[in-house]
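Take a look at the structure set out below.
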Amino acid sequence: MDRTTDQIKTRRKFLQILSASPLLASPSLLARSFSHLLATGEVTEKKFLDWFDSFQHSDEVISSPDQALEVLDFEAAARKALPPAHFGFLATGVDDDGTVRANREGYSRIQIRARRLVDVENVDMSVSLFGTKWNTPIVLSPVSSEKAFHPDGEVGLAKAARTTGHLMMLSTAATTSIEDAIGARGGPVWQQLYPTNVWDVGRAIVKRAEAAGSPAIVLTVDLQEGSNRETLFRAQRVDKRECSVCHQSSYTGAAQGRPRSGSGGFAQYAAKRPMFDGLDLSKVTGTHAADMNWDYVKRLRDTVTVKLLLKGIVTREDAQLAVEHGVDGLMVSNHGGRAEETLRSTIECLPEVTEGVAGRIPVIVDGGIRRGTDVFKALALGATTVGIGRPHAWGLAAFGQAGAEAILEILRRELLTIMRQAGTTSVDKIIRSYVVVRPSES
Ligand SMILES: Cc1cc2nc3c(=O)[nH]c(=O)nc-3n(C[C@H](O)[C@H](O)[C@H](O)COP(=O)(O)O)c2cc1C
């Protein structure tokens with residue numbers, strides 16, 4: 166290409182960018198100073214284009230896990246990889262998604278008090294839960310339908326848990342069976358329980374998980390009445406694919422845990438969820454039992470022979486009742502802001518739950534954890550371990566097993582960094598005095 170053609174091309178590209186940029190084309194301060202720089206020759210069109218290219222490049226969505234600097238890089242990659250409705254399902258909260266945001270913002274109100282002059286050459290990040298040791302205090306919270314994010318699905322996630330030494334919980338609504346998940350994990354996987362409205366169905370799922378070798382059942386108690394997932398519904402509207410090919414008529418209801426009655430709903434929903442295989446679902450109307458109460462917990466306690474945890478506890482009163490009912494552990498969770506719009510972050514709920522528990526049983530917290538420093542803060546406020554939901558699903562959606570592994574590795578690395586910086590050489594040394602909680606403005 167001769168020099169003149171080159172210049173014309175540069176000029177054309179430059180003008181195209183200028184006309185597409187409201188800031189540079191307007192008579193704003195930025196545009197005036199930019200014109201001045203051009204006039205003085207300090208910036209040539211060529212230089213500007215080079216800068217613009219590198220700027221665009223730096224904003225690019227990552228195309229492999231090793232390009233990621235942080236967990237949130239995978240969110241953009243997942244958005245790019247998934248059809249709108251599937252990303253909407255992953256992203257959605259309820260109503261205005263205010264509780265999803267609150268979960269994140271809760272962490273920004275907590276400061277870390279870093280201690281100095283501590284020998285941090287050797288740091289032990291491992292934790293023990295019910296006698297089993299895990300490499301870090303980060304747990305994979307149950308996320309349903311993982312094959313909707315990537316064909317590796319829960320098997321890919323279980324393999325990522327195996328290679329990195331983490332605990333995984335399998336959703337009742339998983340697209341992989343507990344037997345296959347435990348096989349791929351090469352070790353124990355906890356079974357999350359949506360018991361449905363039919364006791365025998367919930368009981369059968371528990372007994373199957375126990376027989377497969379699951380050492381803990383995690384009963385989710387925060388989705389009694391379904392939920393208003395508007396971000397999902399909006400995403401479904403813009404998704405122009407023919408969703409009925411995969412979801413048939415029960416999709417909208419199933420997304421809320423309440424397949425529409427009369428549509429053959431639950432059987433169709435369950436068809437792709439192996440934990441319901443072989444069960445009589447004729448009387449099942451949804452994944453949840455609307456009449457679930459503390460008597461139900463007692464009955465389940467008498468049925469479950471392994472550890473029993475409740476997921477979704479956010480108050481001191483319920484924490485105390487759980488201990489009284491013989492529950493072995495709690496998850497402070499608001500379903501990642503997908504249950505109801507309380508606007509209360511789980512990290513704000515954690516202290517009162519740990520008070521109610523008074524050290525008698527382990528407490529896991531999830532919701533909004535995106536950084537190693539978040540893990541550190543949760544541990545300092547009394548959590549035994551923390552759970553991540555969307556982050557591992559972003560990793561999986563973007564790059565399958567390798568993406569989920571990368572998420573766990575980034576969080577492990579970040580936690581190690583802050584443990585060293587704050588002068589804490591093991592997880593049990595991360596105590597309340599390492600954080601300051603700023604009061605919320607109100
Ligand atoms: C797409 C999606 C599906 C989920 N499915 C389940 C489920 O089947 N059972 C359950 O107890 N929680 C489920 N959850 C909630 C997670 O276990 C976890 O509490 C939540 O994602 C934590 O918040 P985070 O996403 O901000 O990390 C789901 C969350 C998401 C995002």
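Add 165 to a position in the sequence shown, counting from 1, and you land on the number used in this note's numbering. Where a beta carbon is used, it is the ideal one built from N, C-alpha and C, also for glycine. Bear in mind that the values here come from a model prediction, so they are computed numbers and not experimental data.
Determine the contact status of residue i and residue j, defining contact as a CB-CB distance below 9 Å.
i, j, result
"P302", "V551", "yes"
"V363", "V449", "yes"
"G533", "A454", "no"
"P671", "L294", "Given that the chain is displayed from residue 166 to residue 607, the structure contains no residue 671 and the question cannot be resolved."
"L573", "T329", "yes"
"I478", "M496", "yes"
"A558", "E311", "yes"
"V112", "A349", "Look at the range of the chain in this structure, 166 to 607, and you will see that residue 112 is not part of it."
"A242", "F564", "yes"
"G443", "L473", "no"
"V522", "A543", "no"
Measuring alpha carbon to alpha carbon, tell me which of the options ends up nearest residue i.
i, options, result
"V288", "G351, R535, Q586, K476", "Q586"
"I575", "V592, S379, I596, I553", "I553"
"F398", "K312, F252, R269", "F252"
"R597", "G568, E520, E505", "E520"
"A346", "L358, V528, Q357, K324", "K324"
"D404", "T582, Y599, R603, L247", "L247"
"K476", "M440, R438, V518, G451", "V518"
"V285", "V601, P604, V602, G588", "G588"
"M290", "T590, S605, V602, P604", "T590"
Check residue i in the structure and name its three-state DSSP category.
i, result
"M440", "helix"
"L580", "helix"
"L388", "coil"
"T340", "coil"
"L322", "helix"
"G547", "coil"
"T297", "strand"
"I575", "helix"
"L237", "coil"
"I173", "helix"
"A567", "helix"
"D317", "coil"
"S309", "coil"
"A381", "strand"
"L508", "coil"
"I526", "coil"
Quick check: does the Cβ of residue i come within less than 8 Å of any heavy atom belonging to ligand 1?
i, result
"Q401", "no"
"M334", "yes"
"L255", "yes"
"S310", "yes"
"S498", "yes"
"Q357", "yes"
"S273", "no"
"V462", "no"
"N393", "no"
"P307", "yes"
"A615", "Residue 615 lies beyond the residue range present for the chain, which begins at 166 and ends at 607; the question has no answer from this structure."
Please look up how many angstroms separate the CB atoms of residue i and residue j, rounded, as I've assumed it's under 8 Å.
i, j, result
"I343", "V354", "7 Å"
"A562", "H331", "Rounded, the Cβ-Cβ distance is 18 Å, inconsistent with contact."
"S379", "V308", "About 17 Å separates the two Cβ atoms, so there is no contact after all."
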